[in-house]
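First to last, the protein sequences are chains V and P. Heads up: the first sequence begins at 303 in the working numbering, then just goes up one per residue. Heads up: the second sequence begins at 219 in the working numbering, then just goes up one per residue. Inspection log for the structure reproduced underneath, given as C-alpha cells.
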Amino acid sequence: MIVPTLLTNTPQLRDQIRQATPLLVPDVVRINFEVGFDAMGFASIFFNIVLADEATRPARLRHAAQRIALTLMNHLRTDENGVHAYFNFRSQSEAARIDDPAWAEMP
Amino acid sequence: MPLANDLLEQAYHLARREPKRPRQASLRRAVSTGYYALFHLLLSQVTANWKQTHQRPILARYFKHGNMFKASEKQTSTCAKFLAANPAPGADTDCMTHLQTVSLAFYQAYQQRETADYDNTKTWTRTQALAIIDQIDAAFKAWPHVRDHKFAQAYLLAFLGDPKGR
C-alpha cells in the first residue's frame with residue numbers, strides 16, 4: 303500500500319498545521335490529528351479540532367466547521383497530496399470533560 | 219423530498235436529546251440519520267431525471283454509497299480548484315460555491331457514518347454530531363440554488379460510477 307509523503311513526515315505535517323492555525327482563531331483552540339485509512343481504504347488524515355465554546359453556538363458552528371475544513375484542506379493541499387481529510391469537532395468544555403489523549407493538549 | 223427532510227429533522231432531534239448527558243446511541247444514530255438524509259435527498263434529485271415516475275424508487279436502488287462518496291470527493295476537489303483561481307462572479311462561480319457545500323458534506327458524512335455505525339472505540343460528543351448535521355443542513359439549503367445547473371447535473375451523473383467499471 304502506498305502512503306502519501308504528506309502523511310509520512312509527521313513533524314512537517316505538524317508544522318504546516320501550526321502555520322494554518324492563526325488563520326482559524328478565535329474559533330480554534332487547538333488542532334490534533336491522526337493518520338490512517340478511511341472506510342474506502344484511502345490514506346487519510348483525521349483532524350480532532352477543539353473549538354472555543356463560543357464557536358460551538360448554534361448560529362456559529364456550521365460556518366466555523368466548513369471554514370476550518372476548507373482552510374486546512376487548501377493549506378495542506380490534501381487533494382494534490384493524495385490524502386483524504388476528515389474533521390471532528392469538540393467544544394473546549396467537552397474536551398476538558400472527557401479524558402481522551404487524541405484530543406488532549408500536546409506538550 | 220419528504221423522506222430526506224424528515225430524516226434531517228430526526229437527526230437534529232436525536233442530537234439534541236438528553237440535554238445534560240447525551241447518550242452515545244443518540245449521537246451515533248443522529249450522525250447516521252443525517253448521512254441518510256443527504257443520501258436520500260441526492261438520490262431523489264438524480265432519479266427525478268427519470269421520466270417514468272413510478273420507476274424512480276427502483277432506479278434509486280442501483281446507486282451505491284461508495285460511488286456517491288467517490289463522486290463527492292472528486293467534486294469537492296474540483297470546486298476547490300475552480301474557486302482557488304478567483305473566478306469572476308457569475309452563475310458558474312455561485313454554482314461551484316454551493317456545490318462545494320453539498321459535496322463536502324456528503325464526503326465527510328459518509329466517513330462519519332461509518333465511524334458512528336461501526337467503530338465503538340470512538341466517543342461522540344454533541345458538538346461532533348451537530349457539526350456534521352449542520353453541514354448536511356447547509357447542503358440541503360445549498361442544493362436548490364444549483365440543482366438545474368450543468369455542474370450539479372454532472373455531479374449527479376457521476377453517482378453512477380466509472381462507466382468503464384474501474
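Even glycine gets a Cβ: it sits at the ideal position worked out from N, Cα and C.
{"Asked": "Please give the ranges of any alpha helix (DSSP H) in the region 307 to 345 of chain V, keeping only runs that are unbroken, at least 4 residues long and fully inside the region.", "Found": "307 to 310 and 312 to 322"}
{"Asked": "Three-state secondary structure (DSSP) at F287/P?", "Found": "helix"}
{"Asked": "Mark V320/P as exposed unless 16 or more other C-beta atoms lie within 10 angstroms of its C-beta, in which case mark it buried.", "Found": "buried"}
{"Asked": "I'd like to know if T345/P contacts chain V, where contact means its C-beta is closer than 7 Å to some C-beta of that chain.", "Found": "yes"}
{"Asked": "R392/V versus chain P: which residues are under 7 Å apart at the beta carbon?", "Found": "T343, T345 and Q346"}
{"Asked": "Flag Q242/P as yes if its beta-carbon sits less than 7 Å from any beta-carbon of chain V, otherwise no.", "Found": "no"}
{"Asked": "Could you tell me which chain P residues have their CB closer than 7 Å to the CB of T373/V, listed as they occur along the chain?", "Found": "Near T373/V there are no residues of chain P at all, since even the closest Cβ is about 11 Å away, more than 7 Å."}
{"Asked": "If you follow the beta strand (DSSP E) that R392/V is part of, which residue opens it and which one closes it?", "Found": "H386 to S393"}
{"Asked": "Are the CB atoms of R246/P and A334/P nearer to each other than 7 Å?", "Found": "yes"}
{"Asked": "For Q293/P, does the count of other Cβ atoms within 10 angstroms reach 16, so buried, or fall short, so exposed?", "Found": "buried"}
{"Asked": "Tell me which residue opens and which closes the alpha helix (DSSP H) that Y280/P is part of.", "Found": "Per DSSP, Y280/P belongs to no alpha helix (DSSP H) and is neither H nor E."}
{"Asked": "If we count the other Cβ atoms within 10 Å of its Cβ and call it buried at 16 or more, is E356/V buried or exposed?", "Found": "exposed"}
{"Asked": "How far does the alpha helix (DSSP H) with E388/P in it reach, from first residue to last?", "Found": "Outside the shown range of chain P (219 to 384) lies residue 388/P, about which nothing can therefore be said."}
{"Asked": "Quick check on the burial criterion: 16 or more other C-beta atoms within 10 angstroms. Buried or exposed for V352/V?", "Found": "buried"}
{"Asked": "Between A360/P and H316/P, which are expected to be in contact by the criterion C-beta below 8 Å, what is the C-beta distance as a whole number of angstroms?", "Found": "4 Å"}
{"Asked": "Report the CB separation of L221/P from H272/P in whole angstroms; it is logged as a contact under 8 Å.", "Found": "Going by Cβ atoms, the distance from L221/P to H272/P rounds to 17 Å, so no, they are not a contact pair."}
{"Asked": "Are any of the Cβ atoms in chain V nearer than 7 Å to that of Q293/P?", "Found": "no"}
{"Asked": "Can the beta-carbon of A306/P be found less than 7 Å from the beta-carbon of I354/P?", "Found": "no"}
{"Asked": "Going by alpha carbons, who is nearest to N390/V out of L374/P, V249/P and D224/P?", "Found": "V249/P"}
{"Asked": "Going straight from the alpha carbon of L363/V to that of F281/P, what length do you get?", "Found": "31 Å"}
{"Asked": "Grouping DSSP H, G and I as helix and E and B as strand, with all else coil, what is N376/V?", "Found": "helix"}
{"Asked": "Could you round the C-beta distance between R331/P and Y253/P to whole angstroms and report it? I think they count as a contact, below 8 Å.", "Found": "4 Å"}
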